[in-house]
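Have a look at the structure below before the remarks.
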Amino acid sequence: MLKPESFIKRHGFLLVAFGVMLLATLMLAVIQFFAVKRIEAEAQAALEANLDLQLYALVNEARRYEDCFILIRQKRQVAAQVKGLNL
């Protein structure tokens, strides 16, 4: 049976290489995790900005319709007043 000292002496470089590869893999996983979090935040911000633009467009459209309804109401009032004058 191999003694632990002889195993470490014989395979020390392999153990160091394995440790370095394991550390690099873990670092890549952490970097990937934070990249995904950042991309999710950017996507959420883009979605909120898009929804804000859509809401802004809807509000502007509603204002245009409201202006049209006000003009129609004013024209009807003027027409009713003119009718009341019997011109």
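Under our numbering, think of the first position of the sequence shown as 1426, with each following residue one higher.
Don't be surprised by glycine CBs; every beta carbon is placed ideally from N, CA and C.
Please report how far the alpha carbon of residue 1436 lies from the alpha carbon of residue 1452, in whole angstroms.
-> In a straight line, the C-alpha of residue 1436 is about 24 angstroms away from that of residue 1452.
Alpha carbon of residue 1488 to alpha carbon of residue 1497, nearest angstrom | 14 angstroms
Same chain, Cβ closer than 6 angstroms to residue 1480, neighbours up to 5 away in sequence not counted = Answer for residue 1480: no residue qualifies.
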